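At position 284 of the sequence shown the residue is numbered 335 (the working numbering), and the sequence of numbers has no breaks.
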Amino acid sequence: MLNIKTFKTESPKQKPDSNSRLGFGKIFTDHMFVMNYKDGAGWHDPRIVPFSNISLSPAAMVFHYGQEMFEGLKAYRGDDGKHYIFRPDMNAKRTADTNDRLVIPRIPTEDFVQAVKAVVKIDADWIPSAPGTSLYIRPFIIATDEFLGVAPSKTYLFVIILSPSGAYYESGLAPVGIWIEDEYVRAVKGGMGFAKTGGNYAASLIAQVKANKEGFSQVLWLDGVERKYKEEVGAMNIFFKIDGVVVTPELNGSILPGITRDSVIKLCESWGIPVEERKISVDEVLEAQASGALEEIFGTGTAAVISPVGKLRYKNDVMTIKDGGTGELSHKLYDTVTGIQSGRIEDKFGWRVCID
Ligand code: PLP
Ligand code: COI
């Protein structure tokens with residue numbers, strides 16, 4: 052149990068107008084959570100302070116060798132006026148796995164969840180209420196030793212910032228166009244693909260820029276060895292509905308074990324829809340499209356929620372998935388996931404956590 056000290060801001064910021072388009076990750080609340088780590092002392096000095104710049108030495112290790120991790124989850128304003136977060140224990144567990152891979156000291160699950168709840172509670176008035184909006188929660192850890200040798204840092208900073216946000220994609224909930232990348236790869240087994248760390252995203256930018264130039268909003272990565280099997284999208288896991296069966300790439304060490312992915316699998320299974328977690332090749336998807344068996348493609352992620360894919364490009368081919376609109380299952384999943392998150396729908400799985 053953390054003994055969190057709170058230092059409230061004396062100059063609260065103006066909150067965004069309830070009708071304004073929030074976009075994603077551009078506005079920040081009044082406070083942030085901060086906690087330090089030092090070898091010997093462990094994680095210590097947990098505090099909530101006014102949102103402000105962080106002062107670091109230019110030699111801080113995070114700037115040079117990228118020893119850092121981040122997470123993403125959301126808080127929602129329920130129709131009952133209460134405030135909820137979604138499956139924070141899963142983010143805490145994924146943080147532990149990422150930390151192990153990056154040799155960052157673990158934060159106990161209960162402490163991670165306590166810190167998230169505490170800072171969201173302080174800034175609960177910032178949780179937006181318009182449909183499709185939420186308070187995006189971004190926990191992250193950076194290596195802070197002032198040292199240029201390549202080694203794990205002995206000091207770290209754990210910070211949680213909050214951002215009232217709307218849809219992740221500019222297009223809102225409209226189906227997105229996805230570019231299957233056949234030149235660059237994001238991660239390979241044994242690398243850091245399963246971890247939520249900035250380096251994976253830095254590695255993805257070159258292909259994203261290329262895809263954006265061609266009018267596609269995201270990149271779908273292929274496996275790094277054979278360049279044959281689907282892995283995941285830049286900020287989402289990927290699902291295909293083929294002949295009544297929902298197929299998603301298995302967790303193979305190079306893709307992120309998405310929390311929305313896990314929730315979607317459990318929801319589909321509870322509805323009696325068969326789900327297969329396995330390798331799925333580009334050829335299988337092309338054949339399913341050609342035979343008419345490909346019913347839907349959608350991405351899943353905290354920021355993106357459920358994002359239908361309307362258009363898929365591979366080499367010189369651009370496929371329109373069904374009529375390019377939102378499939379029935381994508382629609383039902385979006386309504387159910389957001390319904391559970393905001394308290395509109397009964398939470399049979401015990402995923403919603405009230406912070407009041
Ligand atoms: N894959 C990548 C690369 C991501 O950045 C994300 C977003 O967090 C996901 C998948 C989806 O994970 P989650 O559903 O836990 O947000
Ligand atoms: C999230 O969905 O929480 C993510 O972290 C995706 C992101 C890189 C914006």
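Quick reminder that beta carbons are idealized off the backbone N, C-alpha and C, glycines included. Small disclaimer: the values here were computed from a predicted structure and weren't measured.
Endpoints, alpha helix (DSSP H) assigned at residue i
i, result
"residue 163", "160-173"
"residue 141", "139-153"
"residue 311", "310-321"
"residue 333", "333-342"
"residue 114", "113-116"
"residue 219", "Here residue 219 belongs to no alpha helix (DSSP H), and DSSP marks it neither H nor E."
"residue 393", "379-393"
"residue 87", "Where residue 87 is concerned, there is no enclosing alpha helix (DSSP H), although the beta strand (DSSP E) it sits in stretches over 82-89."
"residue 260", "249-264"
7 Å CB neighbourhood of residue i in its chain, flanking five on each side removed
i, result
"residue 56", "98"
"residue 199", "110, 115"
"residue 201", "116"
"residue 312", "288, 299, 351"
"residue 177", "66, 80, 186, 213, 215"
"residue 140", "160, 164"
"residue 158", "94, 146, 209"
"residue 131", "394"
"residue 380", "292, 347"
"residue 369", "362"
"residue 238", "244, 251, 275, 305"
Among the options, nearest to residue i - alpha-carbon criterion
i, options, result
"residue 410", "110, 316, 85", "Here the chain comprises residues numbered 52 to 407, so residue 410 is not present and cannot be evaluated."
"residue 89", "80, 156, 107", "156"
"residue 180", "133, 154, 140", "133"
"residue 394", "346, 164, 127", "127"
"residue 402", "368, 172, 297, 138", "138"
"residue 272", "341, 82, 146, 252", "252"
"residue 384", "347, 166, 254", "347"
"residue 81", "92, 53, 175, 52", "175"
"residue 386", "366, 359, 373, 94", "359"
"residue 242", "276, 262, 270, 135", "276"
"residue 112", "369, 208, 388, 339", "208"
"residue 87", "71, 205, 239", "205"
"residue 59", "170, 104, 166", "170"
"residue 105", "83, 95, 309", "83"
"residue 240", "203, 338, 278", "278"
"residue 182", "392, 407, 404, 400", "392"
"residue 162", "153, 144, 173, 152", "144"
"residue 69", "91, 184, 135", "184"
"residue 234", "247, 249, 256, 246", "256"
"residue 61", "375, 91, 100", "100"
"residue 123", "167, 92, 96, 153", "167"
"residue 17", "172, 268, 71, 53", "Outside the shown range of the chain, which is 52 to 407, sits residue 17, and nothing can be said about it."
"residue 336", "373, 353, 306, 354", "373"
"residue 190", "378, 152, 247", "247"
"residue 349", "54, 343, 378, 366", "378"
"residue 309", "334, 396, 354, 342", "354"
"residue 142", "152, 107, 188", "188"
"residue 53", "92, 365, 96, 63", "96"
Span of the beta strand (DSSP E) around residue i
i, result
"residue 270", "269-273"
"residue 119", "119-121"
"residue 365", "356-365"
"residue 349", "345-352"
"residue 127", "124-128"
"residue 288", "288-293"
"residue 96", "93-101"
"residue 185", "185-194"
"residue 368", "368-371"
"residue 276", "Residue 276 -> no beta strand (DSSP E), and no H or E assigned at all."
"residue 60", "Note, residue 60: premise wrong, no beta strand (DSSP E); not H, not E."
"residue 281", "281-284"
Residue i at chain B interface by Cβ criterion, 9 Å
i, result
"residue 337", "The chain inventory of the structure shown lacks chain B, comprising one protein chain alone."
Own chain partners of residue i with C-beta closer than 6 Å, once the 5 adjacent residues on each side are dropped
i, result
"residue 325", "296"
"residue 262", "230, 270"
"residue 339", "293, 345"
"residue 236", "275"
Proximal residues to residue i (C-beta, below 8 Å), its chain only, five neighbours per side dropped
i, result
"residue 388", "311, 314, 315, 318, 356, 357"
"residue 398", "391"
"residue 375", "226, 361, 362"
- Message: With three or more C-beta pairs closer than 8 Å as the rule, is the stretch 298-307 touching the stretch 327-334?
- Response: yes
- So does the stretch 187-201 actually touch the stretch 114-127, counting three or more Cβ pairs closer than 8 Å? yes
- Query: Is it a yes or a no for the stretch 216-231 touching the stretch 269-289, going by three-plus beta-carbon pairs under 8 Å?
  - Reply: yes
- When you get a sec, list the residues whose CB is within less than 5 Å of any heavy atom of the ligand COI, chain order please. 123, 286, 352, 353, 354
- Pairing CB atoms from the stretch 205-225 with CB atoms from the stretch 74-85, are three or more of them under 8 Å? yes
- Item | Segment contact, 8 Å Cβ cut-off, at least three pairs: the stretch 315-325 with the stretch 144-163 | no
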